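Here the structure is laid out as structure tokens; the discussion comes afterwards.
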């Protein structure tokens, strides 16, 4: 556990706690440590995600199980515990879960990832309705191709330039997003500027989901 102190303000400003989100008990321990150090929680972003490419018939069961455990059950574990803390404190708040365009359209050879993200989007909608009267907003963001470790998880270093060019050509905006661009969308959903937005899945994908055409 690492705590960041501010030189200009008293008390800690941030902390990092290593946690496997697929372990619900570990999530509870991490949140307890965060609340003890930083105080009550009024927002959370559930963003942990993994993928293992491949066709369904050749995928090991433990690969399927692990992807859903992290991407879907992990999001559920974090969000349900944070919402519980908000309710116990009588606080309103904002929740954002990271989904994907793969929740809506096929991502070839990523059936487990796609299924997990479809579950995340459904979870967002259900929780948004269930907790709206408590003043807790729940939304999702669906990033398109983004320059993160997950984007390149199944691509060798030698192939990155070729894959980047191929992917960029398929995105209407014509490029892969920077992680900061997705972060800006999340910050907006978390903020009071989105005070009347709940149950939404915001596409931050360069037009991927809007594109209903075949390349020629």
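Numbering (the numbering used here), first residue to last: 26 to 241.
Note that beta-carbon positions come from the ideal geometry of N, C-alpha and C, so glycine has one too.
Note that this is a predicted model, so its numbers are computed, not measured.
For residue 118, the enclosing beta strand (DSSP E) begins and ends at 118–123.
For residue 158, there is no enclosing alpha helix (DSSP H), as DSSP marks it with neither H nor E. Look at residue 179 here: in three-state DSSP terms it is coil, with no helix or strand label. Within the same chain, 134 come within 7 angstroms of residue 80 by CB-CB distance, once the 5 residues on both sides are set aside. Between residue 182 and residue 75, the alpha-carbon positions lie close to 18 angstroms from each other.
Close CB contacts of residue 176 within its chain, under the 8 angstroms cut and outside five residues either way in sequence, are with 170 and 201 (chain order). Residue pairing from DSSP places residue 164 in a beta bridge opposite 121. Ranking 40, 136, 217 and 57 by CA distance to the CA of residue 106 puts 57 first.
As summarised for the segment 41–93, the continuous beta strand (DSSP E) elements at least 3 residues long and confined to that stretch are 68–71, given in chain order.
Residue pairing by DSSP places residue 227 opposite 166 in a beta bridge. Using a Cβ distance threshold of 7 angstroms, residue 145 and residue 124 count as a contacting pair. For residue 60, the CB contacts under 8 angstroms within the same chain, skipping 5 residues up- and downstream, are 66 and 110 in chain order. The shortest C-alpha to C-alpha distance from residue 153 to any of 228, 53, 222 and 77 is the one to 222. The Cβ atoms of residue 151 and residue 71 do not sit closer than 7 angstroms to each other. For residue 73, same chain residues with a beta-carbon under 6 angstroms away, outside a window of 5 residues either side, are 46, 95 and 99 in chain order. In the structure shown, the three-state DSSP call for residue 135 is strand. Of the other Cβ atoms in all chains shown, 16 or more fall within 10 Å of the Cβ of residue 162; this residue is therefore buried. Taken atom to atom, the span from the alpha-carbon of residue 209 to that of residue 232 is near 17 angstroms. Under DSSP, no beta-bridge partner is assigned to residue 127.
Taking C-beta separations shorter than 8 angstroms and ignoring five residues to either side along the sequence, the partners of residue 92 in its chain run 75, 76, 77, 137, 138 and 141, following chain order. Partner residues in a beta bridge of residue 100, as assigned by DSSP, do not exist. Taking the C-beta atoms as reference points, residue 126 is found nearer than 7 angstroms to residue 167.
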